[in-house]
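Undergrad: To start, I am sharing the structure in question, which I have written as structure tokens.
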């Protein structure tokens, strides 16, 4: 199977996208893989498989590699006398900004490049945590209470401490802090506002049970991973999460009842259906008093959450055969024709 | 003032985008205008001002014009020996698919081209009427009750007749029907599902008062148009709406109280702030028993709702000076460097 892994991006998660891509290279060995790197200035480069190591990018060696441009149906590589067209199915592995905020999905849609990953609408509802709350509300999914703060207007926090402060639109725990009392608030807000003009405040629930579940739709039905109980170091800080993105060993199933597994799957499916088709996503849930709460949606999870699936290659193959097709509207000139002929032109 | 009007698109509203662009050409005379046409196959063409008439496109004459490609900061026009870069501020005037669904905004953001128009998030919340309902719910704005039907699963309509059936994601009344009793339902649903897999059902309220208000944010404050009471022919059919897109004469103010004007503005601002910055939008409201209900958001209204503003040119100038800047994240290789040096590489 042929696949192009698209990674990088002008994002705070640029580095972990590189780590993710390197991990997938190993995990999908046997596939015919190619690699397209999106640099921070939005230039695309074709990266030979042999150069897929982190230092290639940190040292800027990619700048000597062939540049690509987007054309209808492909990434085009222009040489002096011809154009090589890279037309393989793409995995969008750009984490965070660009990749998960809807920008790269829109580019791929516009240029009719087939891809695995969330579409524009799905990206908007998962990238900004405020919109994930709207989605939960609309779909009848529980999520913890929250309030929003904006960098532009001063507003007090009304939730009782401890609270957790999160930039509205970043993953990988960047800019996230736990605030135990008011004295710690300003510093936490400053850290969060560095990354986003909008911040979410949620109650911090000590020792809450957390479960991760990944899945995707193929052949008209949902396919789920095992449920993992992630190891917690209060919450995952960036460095820990960074290492997390290079995971490739299958993890152990969480020791939970079939009833709870089924509740988690039901909630996952409610979120997924009608919005996330084409993507393999991971949902992170809390369980409080036996009730399932959505914590967050990872529409492009680190290294595609490969470690949660028994047959990861099989999953990618199944998903690649069930991608949604963006219907392109047929254009007509019916009215212009009728008006022109009425005018005798 | 220099402006590029971007119009066309692979959309059911392709024709009305052409009409809109021709109308703006006249309305913005005196500005230094240029025109970029997006064909249904997603090729961009540079259109000389003298060729800006409807038949240019219906006859396919644009295909002989210079092709453009997207590059960092511009639409690039390549000639044999050089590249002309069109760098002017863009008005996104692609109505419907491509323009209003977030795709074109994402392209312009990605290539750092400045533009007037809704950003990706704003587009998603206004293009799909289901998501507009989510937004109303979250912002505490009233909207009429609704249910959704999907082409994939049979579900009965539970609202009482008459109801109005709308494709979830199209404007300009395309695929919209009023259904007075069950016998008319199947035909109406077939018409709507032709355009979208998801359909909204709402109560049809005979003789409901309807008011349109346009506005935008500039210099940190809202600027509103007059309020119009649109003429109704039960609801605007496509042909009527089509003619509507070529309006350029200023209309009369609706004869309503200052209190109602102020209520409409308050609701408009709740929708706009924090989401629609950079765009001039029109909101269509219902008023039922003195209460304001949002009917729909037009994030790129026909001919930019110029006919609702006294000094339309002044509005475009003010808006052009208050456009949001997409922050591009700074990329660091901190972790890769630290890991590499720990490994001694």
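Chains as they are written, first to last, in the working numbering: chain W, 57 to 401; chain S, 57 to 401.
Yeah, the Cβ is synthetic: ideal placement off N, Cα and C, and Gly gets one too.
Treat the numbers as computed from the prediction; the structure is a model and nothing was measured.
List the residues of chain W that residue 384 of chain S touches, going by C-beta distances under 7 Å, in chain order.
TA: Within 7 Å Cβ-Cβ: 66.
Undergrad: Does residue 326 of chain W come out as helix, strand or coil in the three-state DSSP assignment?
TA: Here residue 326 of chain W sits in helix by DSSP.
Undergrad: If residue 176 of chain W and residue 158 of chain S are in contact, beta carbons under 8 Å, what's the gap, nearest whole angstrom?
TA: That belief holds up - the Cβ atoms of residue 176 of chain W and residue 158 of chain S are roughly 5 Å apart, short of 8 Å.
Undergrad: Contact criterion: CB-CB distance below 9 Å. Does residue 186 of chain W meet it with respect to chain S?
TA: Answer yes: the Cβ-Cβ gap between residue 186 of chain W and chain S drops below 9 Å somewhere.
Undergrad: Work out the CA separation of residue 195 of chain S and residue 200 of chain W for me, nearest whole Å.
TA: Their backbone Cα atoms lie some 18 Å apart in a straight line.
Undergrad: Kindly indicate if chain S contains any beta-carbon less than 9 Å away from that of residue 159 of chain W.
TA: Yes, contact with chain S.
Undergrad: Examine chain W for any beta-carbon lying closer than 9 Å to the beta-carbon of residue 181 of chain S, and answer yes or no.
TA: Chain W, which has a Cβ nearer than 9 Å to the Cβ of residue 181 of chain S, makes this yes.
Undergrad: Under the rule that 16 or more other beta-carbon atoms within 10 Å means buried, what is residue 314 of chain W, buried or exposed?
TA: Per the 10 Å Cβ criterion, exposed.
Undergrad: Please identify, using Cβ separations under 9 Å, the residues of the stretch 68 to 85 of chain W that lie next to chain S, in order along the chain.
TA: Result list: 68, 69, 70, 71, 72, 74, 75.
Undergrad: Keeping to the same chain, check which residues put their C-beta closer than 7 Å to that of residue 375 of chain S; ignore five residues upstream and five downstream.
TA: Result list for residue 375 of chain S: 172, 272, 274, 336, in chain order.
Undergrad: For residue 171 of chain W, would you say it is in contact with chain S, using Cβ-to-Cβ distances shorter than 9 Å as the test?
TA: It does not: the Cβ of residue 171 of chain W has no partner Cβ on chain S nearer than 9 Å.
Undergrad: In whole angstroms, give me the CA-to-CA distance for residue 334 of chain W and residue 162 of chain S.
TA: Cα to Cα, residue 334 of chain W sits roughly 19 Å from residue 162 of chain S.
Undergrad: Does the distance from the C-beta atom of residue 198 of chain S to that of residue 145 of chain S stay below 9 Å?
TA: It is not a contact, given that the beta carbons lie outside the stated cut-off.
Undergrad: Quick one: give me the first and last residue of the alpha helix (DSSP H) that residue 248 of chain W is part of.
TA: Its alpha helix (DSSP H) spans residues 241 to 249.
Undergrad: Distance, Cα to Cα, residue 207 of chain W vs residue 249 of chain W?
TA: Taking the straight line joining both Cα atoms gives about 6 Å.
Undergrad: Please state whether the Cβ-Cβ distance between residue 268 of chain S and residue 132 of chain S is less than 9 Å.
TA: No, the Cβ-Cβ distance between residue 268 of chain S and residue 132 of chain S is not below 9 Å.
Undergrad: In this structure, does DSSP put residue 229 of chain S in helix, strand or coil?
TA: Looking at residue 229 of chain S - three-state DSSP - the assignment turns out to be coil, as it is neither helix nor strand.
Undergrad: When DSSP builds the beta bridges, which residues end up paired with residue 124 of chain S?
TA: DSSP, once it has assigned bridges, lists S:100 as partnering residue 124 of chain S.
Undergrad: Taking 9 Å as the threshold (beta carbon to beta carbon), is residue 307 of chain S in contact with chain W?
TA: No, residue 307 of chain S does not count as interfacial toward chain W.
Undergrad: Which whole-angstrom value is the C-beta distance of residue 356 of chain S and residue 62 of chain S, which I expect to be below 8 Å?
TA: With 8 Å as the limit, residue 356 of chain S and residue 62 of chain S do not qualify as a contact, their Cβ atoms being about 10 Å apart.
Undergrad: Using a C-beta cutoff of 9 Å, does residue 246 of chain W count as contacting chain S?
TA: For residue 246 of chain W, the answer is no, since every Cβ of chain S falls outside 9 Å of its Cβ.
Undergrad: Tell me whether residue 362 of chain W sits in a helix, a strand or coil according to DSSP, three-state version.
TA: It is helical.
Undergrad: Could you spell out the range, first to last residue, of the alpha helix (DSSP H) harbouring residue 181 of chain W?
TA: 176 to 183 is the extent of the alpha helix (DSSP H) around residue 181 of chain W.
Undergrad: Alpha carbon to alpha carbon, what distance is there between residue 86 of chain W and residue 381 of chain S?
TA: Distance between the alpha carbons of residue 381 of chain S and residue 86 of chain W: 43 Å.
Undergrad: If you compare alpha carbons, which of S:152, S:134, S:138 is closest to residue 384 of chain W?
TA: Cα-wise, what sits closest to residue 384 of chain W is S:152.
Undergrad: Would residue 356 of chain W pass as an interface residue toward chain S - the criterion being a Cβ-Cβ separation below 9 Å?
TA: For residue 356 of chain W, the answer is no, since every Cβ of chain S falls outside 9 Å of its Cβ.
Undergrad: Residue 166 of chain W versus chain S: which residues are under 7 Å apart at the beta carbon?
TA: The answer, in chain order, is 98, 159, 163.
Undergrad: Work out the CA separation of residue 266 of chain S and residue 378 of chain W for me, nearest whole Å.
TA: If I take the Cα positions, the gap works out to 43 Å.
Undergrad: Use the C-beta contact count for residue 358 of chain S: other C-beta atoms within 10 angstroms, 16 or more gives buried, fewer gives exposed.
TA: With 16 or more other Cβ atoms within 10 Å, it is buried.
Undergrad: Counting only Cβ pairs nearer than 9 Å, list the residues of chain W close to residue 176 of chain S.
TA: Per Cβ cutoff of 9 Å: 157, 158, 159, 162, 176, 179, 180.
Undergrad: Go through its chain and collect everything with a Cβ distance to residue 180 of chain S's Cβ below 7 Å, but skip five positions before and after it.
TA: Contacts found: 158, 187.
Undergrad: If contact means a Cβ-Cβ distance below 7 Å, which residues of the stretch 334 to 362 of chain W contact chain S?
TA: Going along the stretch 334 to 362 of chain W in chain order, one finds no residue with a Cβ nearer than 7 Å to chain S.
Undergrad: I'd like to check one pair, residue 282 of chain W with residue 319 of chain W: are the Cβ atoms closer than 9 Å?
TA: Taking 9 Å as the Cβ cut-off, residue 319 of chain W and residue 282 of chain W do not qualify as a contacting pair.
Undergrad: Any idea if residue 104 of chain W is buried or exposed, counting beta-carbon neighbours within 10 angstroms, 16 or more meaning buried?
TA: By the neighbour-count rule (16 or more Cβ atoms within 10 Å), residue 104 of chain W is not buried but exposed.
Undergrad: Rank S:91, S:338, S:304, S:82 by C-alpha distance to the C-alpha of residue 60 of chain S and give the top, closest one.
TA: Of S:91, S:338, S:304, S:82, the residue nearest in Cα terms is S:91.
Undergrad: Beta carbons nearer than 8 Å to chain S: which residues of the stretch 189 to 202 of chain W have them?
TA: Answer in chain order: 189, 190, 191, 193, 194.
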